[in-house]
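Please read the structure below before turning to the comments.
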Amino acid sequence: MFNSLFDGAPVDIMQMLDARERRAHTQQQLLEQLNPCVLVSITLNIPGPVKNSEAITAVFASVISELDEALQSFEKLHQEDFSFQTGMEFYRVLRADALRVKRACTEFEEGHPLGRILDIDVVEMAGETPTPISRTALGMSPRRCFICNEDAKVCARSRKHTVLEMQEHIARIVAEYTSSKRP
202 MFNSLFDGAP VDIMQMLDAR ERRAHTQQQL LEQLNPCVLV SITLNIPGPV
252 KNSEAITAVF ASVISELDEA LQSFEKLHQE DFSFQTGMEF YRVLRADALR
302 VKRACTEFEE GHPLGRILDI DVVEMAGETP TPISRTALGM SPRRCFICNE
352 DAKVCARSRK HTVLEMQEHI ARIVAEYTSS KRP
């Protein structure tokens with residue numbers, strides 16, 4: 202599983218920065234065009250230079266189809282997804298209360314076997330500015346590291362885990378997830 206998961210074209214820091222800027226622009230456009238609304242934006246936290254591969258794309262598609270169930274009670278205004286060398290991106294615009302959507306997404310993240318590698322942002326307009334809804338707005342603690350269960354931001358900033366260690370962990374949980382999906 203490890204080889205197929207990380208068997209893709211490597212990207213550099215400039216490509217990742219450009220992708221982040223493109224995502225912010227896409228989010229802003231969708232929110233402005235469909236306001237009042239709530240945007241759900243999803244990417245995967247994939248460490249290392251390879252951010253996309255056939256295996257990553259297949260796993261992402263499977264997770265998104267499962268997320269559909271968690272979001273089915275909200276009115277869908279728009280949906281699109283992209284497969285870039287810098288990673289998969291999914292956007293769904295809903296007519297709903299942002300806190301309810303954030304709670305549903307957070308519950309999905311916490312209950313899904315791959316939840317810790319998902320990056321699900323729930324964003325709404327505050328004036329003319331796209332504003333993400335934080336976990337703390339729901340009274341929840343920050344995200345936990347998928348390896349050691351400490352605060353994920355602290356681990357990331359301190360580079361507590363090597364890229365290889367993170368990739369091996371991701372490959373293992375993805376292998377467990379995909380084997381559980383087989384009949």
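In terms of the working numbering, the sequence shown opens at residue 202 and continues consecutively. Note that beta-carbon positions come from the ideal geometry of N, C-alpha and C, so glycine has one too.
By a C-beta neighbour count over all protein chains shown, 10 Å radius and 16 as the cutoff for buried, is residue i buried or exposed?
{"i": "N253", "result": "buried"}
{"i": "R224", "result": "buried"}
{"i": "L240", "result": "buried"}
{"i": "R344", "result": "buried"}
{"i": "E311", "result": "exposed"}
{"i": "T363", "result": "exposed"}
{"i": "I334", "result": "buried"}
{"i": "V302", "result": "buried"}
{"i": "L365", "result": "exposed"}
First and last residue of the beta strand (DSSP E) that includes residue i?
{"i": "I148", "result": "There is no way to answer for residue 148, as the model of the chain reaches only from 202 to 384."}
{"i": "D398", "result": "The requested residue 398 does not occur in the structure, where the chain is confined to residues 202 to 384."}
{"i": "S380", "result": "First-last for S380: V364 to K382, but that is the alpha helix (DSSP H), not the beta strand (DSSP E)."}
{"i": "V324", "result": "L319 to A327"}
{"i": "L315", "result": "Where L315 is concerned, there is no enclosing beta strand (DSSP E), given that its DSSP letter is neither H nor E."}
{"i": "V239", "result": "V239 to L245"}
Have a look at residue i and residue j and give me their C-alpha separation to the nearest angstrom.
{"i": "L268", "j": "F309", "result": "7 angstroms"}
{"i": "P248", "j": "Q280", "result": "26 angstroms"}
{"i": "A327", "j": "C349", "result": "35 angstroms"}
{"i": "V251", "j": "Q368", "result": "10 angstroms"}
{"i": "Q286", "j": "M341", "result": "33 angstroms"}
{"i": "Q234", "j": "F203", "result": "40 angstroms"}
{"i": "E377", "j": "H313", "result": "12 angstroms"}
If you follow the alpha helix (DSSP H) that residue i is part of, which residue opens it and which one closes it?
{"i": "D219", "result": "I214 to L235"}
{"i": "I257", "result": "E255 to L272"}
{"i": "A210", "result": "Segment: none, A210 is in no alpha helix (DSSP H) and carries neither H nor E."}
{"i": "S359", "result": "A353 to S359"}
{"i": "F291", "result": "Element bounds for F291: not the alpha helix (DSSP H) but the beta strand (DSSP E), G288 to R296."}
{"i": "L300", "result": "A299 to G312"}
With a Cβ-Cβ cutoff of 8 angstroms, do residue i and residue j count as a contact?
{"i": "I321", "j": "I371", "result": "no"}
{"i": "L315", "j": "R293", "result": "no"}
{"i": "G288", "j": "A220", "result": "yes"}
{"i": "T353", "j": "E325", "result": "Position check: residue 353 holds Ala in this sequence, whereas Thr was assumed. Contact flag unset, no."}
{"i": "S263", "j": "K382", "result": "yes"}
{"i": "V375", "j": "V212", "result": "no"}
{"i": "T307", "j": "R336", "result": "yes"}
Quick one: measure Cβ to Cβ for residue i and residue j, integer angstroms, because I've assumed they're closer than 8 angstroms.
{"i": "C238", "j": "L295", "result": "6 angstroms"}
{"i": "F283", "j": "E290", "result": "5 angstroms"}
{"i": "P331", "j": "L218", "result": "With a Cβ gap of about 18 angstroms, P331 and L218 do not count as contacting."}
{"i": "R304", "j": "L339", "result": "6 angstroms"}
{"i": "L206", "j": "I243", "result": "So it is not a contact: roughly 18 angstroms between Cβ atoms."}
Any heavy atom of the ligand HEM inside 7 angstroms of the beta-carbon of residue i?
{"i": "D352", "result": "Of ligands this structure carries none, so the ligand HEM is not represented either."}
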